[in-house]
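For what it's worth, this note's numbering labels the leading residue of the sequence shown as -15, then goes sequentially.
Cβ coordinates follow ideal geometry from the N, Cα and C atoms, glycine included.
Just so it is clear, the structure is predicted and the values come from calculations on it, not from any experiment.
Below is one structure, written out as structure tokens; comments come after it.
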Amino acid sequence: MENVLVLGAGMVSKPLVRYLLEKAGFSVTVASRTLSKAERLINGHPNGEAYTLDVHDDSGLEDFVKKSDLVVSLLPYMYHVKVAELCIKHGKHLVTTSYVSRNMRELDKKAKDANVLLLNECGLDPGIDHMSAMRVIHDVESKGGKIVSFRSTTGALPAHDSNNNPFGYKFSWSPRGVLLASRNAAKWLENGETVSIPGEKLFEHYTIQDVPGVGSFENYPNRDSLPYKEVYGLKDAKTVYRGTFRMIGWCETMRSIAALGWLNDKPLNGFSGKTYGEITKHLIKTKGDIIEETAKFLDLKTYSAVIKRLEWLGLFSNEPLPKNADNPLDYLTLLMLKKMSLGKNDRDMIIMHHEFIAEYSNKKEYITSTLLDYGIPNGDTAVARTVALPAAIAVKMILKGNIKPTGVHIPVVPEIYNPILNELEKLSIRFNEKTSSL
-15 MENVLVLGAG MVSKPLVRYL LEKAGFSVTV ASRTLSKAER LINGHPNGEA YTLDVHDDSG
45 LEDFVKKSDL VVSLLPYMYH VKVAELCIKH GKHLVTTSYV SRNMRELDKK AKDANVLLLN
105 ECGLDPGIDH MSAMRVIHDV ESKGGKIVSF RSTTGALPAH DSNNNPFGYK FSWSPRGVLL
165 ASRNAAKWLE NGETVSIPGE KLFEHYTIQD VPGVGSFENY PNRDSLPYKE VYGLKDAKTV
225 YRGTFRMIGW CETMRSIAAL GWLNDKPLNG FSGKTYGEIT KHLIKTKGDI IEETAKFLDL
285 KTYSAVIKRL EWLGLFSNEP LPKNADNPLD YLTLLMLKKM SLGKNDRDMI IMHHEFIAEY
345 SNKKEYITST LLDYGIPNGD TAVARTVALP AAIAVKMILK GNIKPTGVHI PVVPEIYNPI
405 LNELEKLSIR FNEKTSSL
């Protein structure tokens, strides 16, 4: 029986481990910094083992890699190259759900020489986004067409029946990453022109988009879309855009939070024992009425929806600042986690929506491909399922010999993405594709 080593026992690990044990029939070793988390994942299964591992323990990590047939790294991305080098040394394949770093890319030749596959970006975004887009792109090309416009947007949101706060957003893990992403600059290709937006202007550049059967959402640009022209082979595309969905009102509210200085991660001195309202007053340098002065600072009315959201969150309140933080960003993170967490009875939803314009010699088509997936109350979130299952399926396909490439890859070639997408459909993770003439 093949043994899969899973490094890390975070939220995404659970559906992956369960699939490998119950559906794929492998033995699974989970190694985590926290033994109790690893044990919960194994849940007494006879083919599973849980161990403690500090990823900085090089010899311990190497021992685990040596004993496995394949490694899944769900560790923070900065550890993947270290794991990949050990996999090459001992001839073990590796699967991750993280973006390929430059250092990972440089291992391509070594991996090929060792007959090892280092498959990265095999989660949701990145992962399913690549696979589903490439399936349509290759289908159009096989019929003699070319893609002249490509737009792809993904959102992880509370399902409508669990959307009960004024931000229209809930966190199933620390909000810090989402908040940090709010400071990212963005680039994309629009009608042949490169559009560049600095991070501080990000939330001024959103559109309202209708997703049929789901609703209307804000769509704002997601980092640098330009590399995808090459990654997806879109040599004829004049528009290449990747975006993020949020509920209506998010962008203006986050723009205001950033403008107030709440995304600053520099420590503040002398605020021990103070309140959230006192921080807001300090950030806008006022001693007056906090709501009136904040509205004035943001050039808003006191009754505007943004001000009401900030008030609901507690940024004007007398709530004491937590002791385990020392800067506005971390104070905000802890407040959002307290007031905007995904509850046990809540459902999240994943929306992934691709739009293509395809040109043929005698016609033009508009193609949409949409994924909608819901979490299970008291069970797996949609985020966990859609990140974990592509990686788990890839593990099964690699060990069964159905995925054969070696070197550093992401799932953009048919021999990798077709078996994964086909298996995902059996697990009710499927895209609805529609084509109309232009």
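Distance between Val371 and Lys285 (C-alpha atoms, nearest Å) | 41 Å
Beta carbon of His114, beta carbon of Glu105: below 8 Å?
-> yes
Count the C-beta pairs between the segment 207 to 226 and the segment 120 to 140 that are closer than 8 Å, then say yes if the count reaches three, no if not.
-> yes
Please state whether DSSP places Ala342 in a helix, a strand or coil.
-> strand
Residues in its own chain within less than 6 Å of Glu417 by CB, not counting five upstream and five downstream?
-> Ser353
Pair within 8 Å by beta-carbon distance, Arg239 and Phe201 = no
Selected residue, minimal CA-CA separation from Asp97, among Asn406, Pro389 and Phe415 = Pro389
Would you grab the beta carbon distance between Ser(-3) and Leu58 for me? Rounded to a whole angstrom, and I think it's under 8 Å.
-> 5 Å
Write down the C-beta distance between Leu70 and Leu103 rounded to the nearest angstrom, noting that I regard them as a contact closer than 8 Å.
-> Not really, about 16 Å apart at Cβ, beyond 8 Å.
Run of the alpha helix (DSSP H) containing Ser20, from where it starts to where it stops | Leu19 to Ile26
In three-state DSSP terms, what is Ser180?
-> strand
Runs of alpha helix (DSSP H) wholly within the segment 254 to 329 (minimum 4 residues, chain order) | 260 to 268, 274 to 282, 289 to 297 and 312 to 323
Measure the C-alpha to C-alpha separation of Gly75 and Lys380 and round it to an integer number of angstroms.
-> 17 Å
Check Glu399 in the structure and name its three-state DSSP category.
-> helix
Close-in-space but distant-in-sequence residues of the same chain around Thr18 (CB under 8 Å, 5 per side omitted) = Ala(-7) and Thr36
Taking the Cβ atom as the reference point for each residue, do Phe151 and Trp234 lie within a distance shorter than 8 Å?
-> yes
Nearest-angstrom beta carbon gap, Leu25 and Val1 [assumed within contact, 8 Å] = 5 Å
From what residue to what residue does the beta strand (DSSP E) around Val224 run?
-> Thr223 to Arg230
What are the boundary residues of the beta strand (DSSP E) that Trp172 is part of?
-> Ala170 to Glu174
So does the segment 320 to 332 actually touch the segment 249 to 262, counting three or more Cβ pairs closer than 8 Å?
-> no
Cβ of Asn148 within 8 Å of any chain B Cβ = The displayed structure is made up of one protein chain only, and chain B is not part of it.
Close-in-space but distant-in-sequence residues of the same chain around Gly298 (CB under 8 Å, 5 per side omitted) = Tyr260, Leu319 and Lys323
Label Lys307 either buried or exposed according to how many other C-beta atoms from any shown protein chain fall within 10 Å of its C-beta, with 16 as the threshold for buried.
-> exposed
Residue from Leu5, Ile263, Arg331 and Ser158 whose Cα sits closest to the Cα of Ser146 = Arg331
Would you check if the distance between the CB atom of Tyr358 and the CB atom of Met333 is smaller than 8 Å?
-> yes
Compare the beta carbon distance of Phe300 and Ile275 with 8 Å and say whether it is the shorter of the two.
-> yes
Beta-ladder partner(s) of Lys213, from DSSP | Looking at the DSSP assignment, Lys213 forms no beta bridge with any residue, so it has no partner.
Continuous beta strand (DSSP E) stretch holding Arg414: start and end = Where Arg414 is concerned, there is no enclosing beta strand (DSSP E), given that its DSSP letter is neither H nor E.
Length of the line joining the Cα atoms of Asp208 and Pro30 = 45 Å
Note the first and the last residue of the continuous alpha helix (DSSP H) segment covering Ala95.
-> Asp92 to Asp97
Could you check which residue in His40, Lys51 and Asp42 has the C-alpha nearest to that of Glu33?
-> Lys51
Of the listed residues Pro205, Gln193, Thr178 and Leu326, nearest to Leu186 (C-alpha basis) | Pro205
Should Lys250 go down as buried or exposed, given a rule of 16 or more other Cβ atoms within 10 Å for buried?
-> exposed
Per DSSP, the bridge partner or partners of Pro205 = Gly227
Buried versus exposed call for Ala378 [16 or more other C-beta atoms within 10 Å across all chains shown] = buried
Quick one: what's got a C-beta closer than 6 Å to Leu355's C-beta in the same chain, skipping five residues either side?
-> Met336 and Phe415
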